[in-house]
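Novice:
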Amino acid sequence: MEFDELWESLLPVGRDPGTGGYRRYAWTEAEAGCRAWFARSASALGLGTDYDGNGNLWAWWGRPGPGAIATGSHLDSVPDGGAFDGPLGVVSAFAAIGELRRQGFRPTRPVAVAAFTEEEGARFGVACLGSRLLTGAVDPDAARGLTDADGVSLAEAMREAERDPAQLGPDEELLASLDAYVELHIEQGRALAGLDTAVGIAEGIWPHGRWRLEFTGRPDHAGTTRLADRHDPMLPYAATVLAAREAAAGHGALATVSKVVAEPGGANGISSAVRAWLDARAPDQATLDLVVDEVSAAAQAAAREHGVGLEARRESVTPLVAFDPGLRDRLSAVLGAGTPVLPTGAGHDAGVLAARLPTAMLFVRNPTGVSHSPAEYAEPADCQAGVAALAAVLADLAG
248 MEFDELWESL LPVGRDPGTG GYRRYAWTEA EAGCRAWFAR SASALGLGTD
298 YDGNGNLWAW WGRPGPGAIA TGSHLDSVPD GGAFDGPLGV VSAFAAIGEL
348 RRQGFRPTRP VAVAAFTEEE GARFGVACLG SRLLTGAVDP DAARGLTDAD
398 GVSLAEAMRE AERDPAQLGP DEELLASLDA YVELHIEQGR ALAGLDTAVG
448 IAEGIWPHGR WRLEFTGRPD HAGTTRLADR HDPMLPYAAT VLAAREAAAG
498 HGALATVSKV VAEPGGANGI SSAVRAWLDA RAPDQATLDL VVDEVSAAAQ
548 AAAREHGVGL EARRESVTPL VAFDPGLRDR LSAVLGAGTP VLPTGAGHDA
598 GVLAARLPTA MLFVRNPTGV SHSPAEYAEP ADCQAGVAAL AAVLADLAG
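Take the position in the sequence shown, starting the count at 1, then add 247; the result is the number in my numbering.
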């Protein structure tokens with residue numbers, strides 16, 4: 248199957264007709280549609296399919312076994328996300344195998360296409376959950392207890408999808424069979440936009456993490472309660488948002504508070520609680536720690552000033568990832584010495600897997616740099632260039 252056919256067949260799955268964005272959350276009907284698409288696409292190429300205990304999907308060119316070369320990405324999305332973030336890597340993987348078959352290439356190693364579950368963490372709050380569970384970076388018992396916004400646990404959601412949550416956890420046999428993992432992804436930035444090339448190679452991933460902040464105040468009437476008598480959790484929350492921007496700007500980092508839940512949510516009432524999530528990223532761990540410490544100190548000071556309680560906890564963290572130098576140099580040799588090598592602040596399953604096996608990433612040019620939005624886009628010709636690059640890499644590694 249060719250890229251265009253694969254791409255068009257996946258586009259309608261999980262797209263919201265009102266926003267044009269995607270809502271492909273883990274273990275939902277939309278994601279089930281993505282899983283069905285994965286199985287059909289693999290079958291059309293004659294690939295065998297299965298899934299590990301964490302729900303990650305695998306399609307195999309050749310018999311699964313030692314020395315395998317894996318590629319892929321994820322199919323889930325952020326709320327109202329774009330079409331390319333994640334799916335481009337999976338579609339390109341199938342298209343690259345199709346291209347190699349048309350060329351008459353026969354791998355001497357097994358080749359796997361992977362689609363990792365809950366990479367975005369949009370439903371259960373932990374990014375790259377499928378790959379973290381696979382590698383042992385997340386405790387299975389803790390994962391089973393994760394809940395979504397409606398209070399549904401991961402274990403319940405898996406059982407609803409007829410999967411056994413008791414199987415969650417590391418799969419050492421599968422990991423031991425993989426010699427390398429190469430993930431293709433749309434660039435989430437504009438570094439390639441000003442260069443005369445459609446494809447780049449990832450150098451590494453900034454350390455990053457997600458922290459949950461819960462400000463607890465006292466519910467009251469917005470029209471009768473004197474300002475001096477209020478314990479309004481919205482005020483320290485607002486101060487924290489501003490502090491995050493200031494800390495990031497001061498240290499050459501990134502900090503974002505883009506998810507917030509206010510309770511009870513009445514327009515004419517003072518909130519009883521405000522929950523917010525801080526996403527912070529920096530070029531190195533020391534800078535990340537400094538930014539988070541400054542934001543935490545500002546949040547605590549503002550909470551005390553307004554007589555509000557504050558509970559903060561880290562939900563996920565990924566240390567600095569430097570992709571395997573040998574594998575990265577091999578990709579450069581295959582694609583040409585002039586292929587740009589780029590850092591990124593975005594987390595990926597390749598970054599999680601890097602702790603257990605050699606991994607690398609390819610980026611496809613994003614003309615606007617927009618990501619996590621329906622406006623996310625890559626030119627068809629650039630997507631085709633990404634398929635050709637991935638096919639060349641797979642031929643080198645698996646041949």
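Even for Gly, the Cβ is constructed at its ideal location relative to N, Cα and C.
#1: Please go through the segment 516-583 and give each complete beta strand (DSSP E) segment of 3 or more residues, from N-terminal end onward.
#2: Does the Cβ-Cβ distance between Leu501 and Ala495 come in under 7 Å?
#3: Mind pulling the beta strand (DSSP E) runs of 3 or more residues that sit fully within the segment 419-444?
#4: When DSSP builds the beta bridges, which residues end up paired with Trp308?
#5: With C-beta atoms as the reference, is Pro605 less than 7 Å away from Asp571?
#6: Which residues in the same chain as Gly516 place their Cβ atom closer than 8 Å to its Cβ, once the five residues preceding and following it in sequence are excluded?
#7: May I ask which residues mark the beginning and end of the alpha helix (DSSP H) holding Glu276?
#8: Give the straight-line distance between the Cα atoms of Ala580 and Trp453, rounded to the nearest whole angstrom.
#9: Taking all protein chains shown into account, do 16 or more other C-beta atoms lie within 10 angstroms of the C-beta of Thr355, making it buried, or fewer, making it exposed?
#10: Which term fits Leu474, buried or exposed, when burial requires 16 or more other beta carbons within 10 angstroms of its beta carbon?
#11: Considering only residues of the same chain and omitting the five flanking positions on each side of Val539, which have a CB-CB separation below 7 Å?
#12: Grouping DSSP H, G and I as helix and E and B as strand, with all else coil, what is Phe610?
#13: Residues in its own chain within less than 8 Å of Thr534 by CB, not counting five upstream and five downstream?
#14: Less than 6 Å between the CB of Ser620 and some heavy atom of the ligand HEM, yes or no?
#15: Under 7 Å, do Leu644 and Ala427 count as touching if we go by C-beta distance?
#16: Report the partner residues of Tyr298 according to the DSSP bridge assignment.
#17: Taking 7 Å as the cut-off, decide whether the C-beta atoms of Tyr272 and Gly328 are in contact.
#18: Which of the three DSSP states, helix, strand or coil, is assigned to Ser320?
#19: Hey, how far is the Cα of Thr444 from the Cα of Ser256?
#20: Would you grab the beta carbon distance between Phe341 and Leu253 for me? Rounded to a whole angstrom, and I think it's under 8 Å.
#21: Using only the alpha-carbon positions, how far apart do Leu249 and Glu346 sit?
#22: Is it true that the CB of Leu589 sits closer than 7 Å to the CB of Ala440?
#23: From the DSSP output, in three-state form, read off His455 for me.
#24: Over what stretch of residues does the beta strand (DSSP E) that includes Ala509 continue unbroken?
#25: List the endpoints of the continuous alpha helix (DSSP H) containing Leu644.
#26: Could you please give the first and the last residue of the uninterrupted alpha helix (DSSP H) stretch that includes Leu253?
#27: Do you know offhand how far Leu460's Cα is from Ala584's?
#28: What are the residues that DSSP puts in a beta bridge with Asp467?
#29: How should Arg262 be labelled, buried or exposed, when 16 other C-beta atoms within 10 angstroms of its C-beta is the threshold for buried?
#30: Pull up the CB-CB distance for Ser339 and Leu431, whole angstroms please, since I reckon it's below 8 Å.
#31: Of the choices Ala330, Leu376 and Pro313, whose alpha-carbon is the least far from that of Trp274?
Specialist: The short version:
#1: The qualifying runs are 520-528 and 556-565.
#2: Walking along the sequence shown from the start, residue 501 turns up at place 254. Walking along the sequence shown from the start, residue 495 turns up at place 248. Going by C-beta atoms, Leu501 is nearer than 7 Å to Ala495.
#3: Correct list: 425-433.
#4: Numbered from 1 along the sequence shown, position 61 holds the residue referred to as residue 308. Looking at the DSSP assignment, Trp308 forms a beta bridge with Val358.
#5: One-based indexing of the sequence shown puts residue 605 at position 358. One-based indexing of the sequence shown puts residue 571 at position 324. For the 7 Å CB-CB criterion, Pro605 and Asp571 form a contact.
#6: Along the sequence shown, read from residue 1 onward, the residue named residue 516 stands at position 269. Cβ neighbours of Gly516 beyond the five flanking positions: Pro466, Asp467, His468 and Ala469.
#7: Position 29 of the sequence shown, counting from 1, holds the residue named residue 276. Run containing Glu276: Glu276 to Ala291, per the alpha helix (DSSP H) assignment.
#8: For the purposes of this step, residue 580 is taken as the residue at position 333 of the sequence shown. For the purposes of this step, residue 453 is taken as the residue at position 206 of the sequence shown. Rounded to whole angstroms, the gap between the alpha carbons of Ala580 and Trp453 is 25 Å.
#9: On the sequence shown, residue 355 is found 108 positions in, with the first residue counted as 1. The residue is exposed, with fewer than 16 neighbouring Cβ atoms inside 10 Å.
#10: Taking the first residue of the sequence shown as 1, we reach residue 474 at position 227. With a 10 Å radius around the Cβ and a threshold of 16 neighbouring Cβ atoms, Leu474 comes out exposed.
#11: Residue numbering aside, residue 539 sits at position 292 when the sequence shown is read from its first letter. Contacts found: Trp458 and Ala527.
#12: Against the sequence shown, residue 610 aligns to sequence position 363. Three-state DSSP puts Phe610 in a strand.
#13: Here residue 534 refers to the residue found at position 287 of the sequence shown. Spatial neighbours of Thr534 in its own chain (CB-CB distance under 8 Å, excluding positions within 5 residues in sequence) are listed in chain order as His498, Gly499 and Ala500.
#14: As for the ligand HEM, it is missing from this structure, which has no ligand bound.
#15: Residue numbering aside, residue 644 sits at position 397 when the sequence shown is read from its first letter. Residue numbering aside, residue 427 sits at position 180 when the sequence shown is read from its first letter. Going by C-beta atoms, Leu644 is nearer than 7 Å to Ala427.
#16: The count along the sequence shown starts at 1 and reaches residue 298 at position 51. Leu304.
#17: Translated into positions along the sequence shown, residue 272 becomes position 25. Translated into positions along the sequence shown, residue 328 becomes position 81. Contact: no.
#18: Numbered from 1 along the sequence shown, position 73 holds the residue referred to as residue 320. Assigned with DSSP and collapsed to three states, Ser320 falls in strand.
#19: Residue mapping note: residue 444 aligns to position 197 of the sequence shown, counting from 1. Residue mapping note: residue 256 aligns to position 9 of the sequence shown, counting from 1. When rounded, the distance between both Cα atoms is 28 Å.
#20: Mapped onto the sequence shown, residue 341 falls at position 94. Mapped onto the sequence shown, residue 253 falls at position 6. Their Cβ separation, rounded to whole angstroms, is 6 Å, which keeps Phe341 and Leu253 in contact under 8 Å.
#21: Counting from one through the sequence shown, the residue named residue 249 turns up at place 2. Counting from one through the sequence shown, the residue named residue 346 turns up at place 99. Position check: residue 249 holds Glu in this sequence, whereas Leu was assumed. Cα to Cα, Glu249 sits roughly 7 Å from Glu346.
#22: Taking the sequence shown and counting its residues from 1, one reaches residue 440 at position 193. Taking the sequence shown and counting its residues from 1, one reaches residue 589 at position 342. Going by C-beta atoms, Ala440 is not nearer than 7 Å to Leu589.
#23: Within the sequence shown, residue 455 is the residue found at index 208, counting from 1. In this structure, His455 counts as strand in the three-state DSSP scheme.
#24: Along the sequence shown, read from residue 1 onward, the residue named residue 509 stands at position 262. Leu501 to Glu510 is the span of the beta strand (DSSP E), which, as asked, contains Ala509.
#25: The count along the sequence shown starts at 1 and reaches residue 644 at position 397. Unbroken alpha helix (DSSP H) run through Leu644: Pro627 to Ala645.
#26: As a first step, residue 253 must be located in the sequence shown, where it is residue number 6. It spans Phe250 to Leu257 - the alpha helix (DSSP H) in which Leu253 sits, taken as one unbroken run.
#27: On the sequence shown, residue 460 is found 213 positions in, with the first residue counted as 1. On the sequence shown, residue 584 is found 337 positions in, with the first residue counted as 1. Cα to Cα, the separation comes out at about 45 Å.
#28: One-based indexing of the sequence shown puts residue 467 at position 220. When beta bridges are read from the DSSP output, Asp467 appears opposite Ile517.
#29: Position 15 of the sequence shown, counted from the start, is the residue given in the question as residue 262. So Arg262 ends up on the buried side.
#30: Working through the sequence shown from its first residue, we reach residue 339 at position 92. Working through the sequence shown from its first residue, we reach residue 431 at position 184. About 5 Å separates the beta carbon of Ser339 from that of Leu431, a gap short enough to meet the 8 Å contact definition.
#31: Sequence index remark: in the sequence shown, residue 274 carries index 27 (1-based). Restricting attention to Ala330, Leu376 and Pro313, the CA atom closest to the CA of Trp274 is found in Leu376.
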